[in-house]
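**Student:** Residue numbers (this note's numbering): 142 to 300. The C-beta atom is built at its ideal place from N, Cα and C for all residues, glycine as well. The model shown is predicted, which means the values in this text are computed figures rather than measured ones. What follows is a structure written as structure tokens; I'll ask about it next.
As structure tokens, this is what we get:
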């Protein structure tokens, strides 16, 4: 599974966020809160959903499953003129990303991410950069379906 190395152009995002950690990881309540409200975002660019993780600097060098990070569920927007009450804005900055295509129902997602961080990155010309990580859930995404497809975007820079 070889990623595409892609130059990412800044995107504006509006959505809901919550602090969590990997020891007790459960994004379901965040999704349940966001999905009925996404129609309140009037300036969305597409129907694609962003599942974003924003880590503190050095998160991956000293990985601890109890360390908190911000989890976002969001959509891309044209501007920040109309942010619904209780939602937040985020700018994902320009930069290089390794983009992995994931297909499946999510049951092997942990192994997929383990491959990225323990095999692919250490054996590549890159290191993880301190920018948001995210998945794009587009039209081929079907929650829990073995034929579901999504893109996993990992921020990188040269070693």
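1. How should residue 170 be labelled, buried or exposed, when 16 other C-beta atoms within 10 angstroms of its C-beta is the threshold for buried?
2. Within 8 Å: the Cβ of residue 195 and any heavy atom of the ligand NAP?
3. Can you grab the Cα-Cα spacing for the pair residue 280 / residue 189, in whole Å?
4. Tell me residue 147's beta-bridge partners as DSSP assigns them.
5. Any idea if residue 192 is buried or exposed, counting beta-carbon neighbours within 10 angstroms, 16 or more meaning buried?
6. What is the rounded straight-line gap between the Cα of residue 294 and the Cα of residue 143?
7. Taking the beta strand (DSSP E) that residue 210 belongs to, which residues open and close that run?
8. Taking only the alpha-carbon atoms, compute the straight-line gap between residue 156 and residue 259 and give it to the nearest angstrom.
9. What are the start and end residues of the alpha helix (DSSP H) that includes residue 170?
10. Go through the stretch 221–292 residue by residue and report every complete run of the beta strand (DSSP E) that reaches 3 residues or more, in order.
11. For residue 245, collect the residues of the same chain with a Cβ closer than 7 Å to its Cβ; drop the 5 residues on either side in sequence, then sort them by chain order.
12. Starting from the Cα of residue 185, find the closest Cα among 267, 236 and 152 and give me that residue.
13. For residue 145, which residues of its own chain have a beta-carbon under 6 Å away from its beta-carbon, when the five flanking residues on both sides are left out?
14. Rounded C-beta distance between residue 158 and residue 213? I'm assuming under 8 Å.
15. For residue 199, list the residues DSSP reports as bridge partners.
16. Specify whether the stretch 172–184 and the stretch 221–233 touch according to this definition: at least 3 beta carbon pairs, one from each stretch, less than 8 Å apart.
**Tutor:** Well, looking at it:
1. Along the chain shown, read from residue 1 onward, the residue named residue 170 stands at position 29. Answer is exposed; the Cβ neighbour count stays below 16.
2. Ligands are entirely absent from the displayed structure, and the ligand NAP is therefore not among its contents.
3. For the purposes of this step, residue 280 is taken as residue 139 along the chain shown, with counting starting at 1. For the purposes of this step, residue 189 is taken as residue 48 along the chain shown, with counting starting at 1. For residue 280 and residue 189, the distance between alpha carbons rounds to 7 Å.
4. What you label residue 147 is simply residue 6 of the chain shown in a count that begins at 1. DSSP lists 238 as partners of residue 147.
5. If you number the chain shown from 1, residue 192 lands on position 51. With 16 or more Cβ atoms within 10 Å of its Cβ, residue 192 is classed as buried.
6. Position 153 of the chain shown holds residue 294. Position 2 of the chain shown holds residue 143. Distance between the alpha carbons of residue 294 and residue 143: 13 Å.
7. In the chain shown, the residue the question calls residue 210 occupies position 69. Per DSSP, residue 210 is one residue of the beta strand (DSSP E) stretching across 210–218.
8. In the chain shown, residue 156 corresponds to position 15, counting from 1. In the chain shown, residue 259 corresponds to position 118, counting from 1. Whole-angstrom Cα-Cα distance: 30 Å.
9. Within the chain shown, the letter at position 29 stands for residue 170. Unbroken alpha helix (DSSP H) run through residue 170: 169–175.
10. 229–233, 236–244, 267–269 and 274–278
11. On the chain shown, position 104 is the one that residue 245 refers to. Around residue 245: 287 and 289.
12. Translated into positions along the chain shown, residue 185 becomes position 44. Comparing Cα positions, the closest option is 152.
13. Within the chain shown, numbered from 1, the residue matching residue 145 stands at position 4. Cβ neighbours of residue 145 within its own chain (closer than 6 Å, five residues either side excluded): 240.
14. The residue labelled residue 158 in the question sits at position 17 within the chain shown. The residue labelled residue 213 in the question sits at position 72 within the chain shown. Confirmed, Cβ separation roughly 5 Å.
15. Counted from its first residue, the chain shown places residue 199 at position 58. In the DSSP output, where bridge partners are listed per residue, residue 199 has none listed.
16. yes
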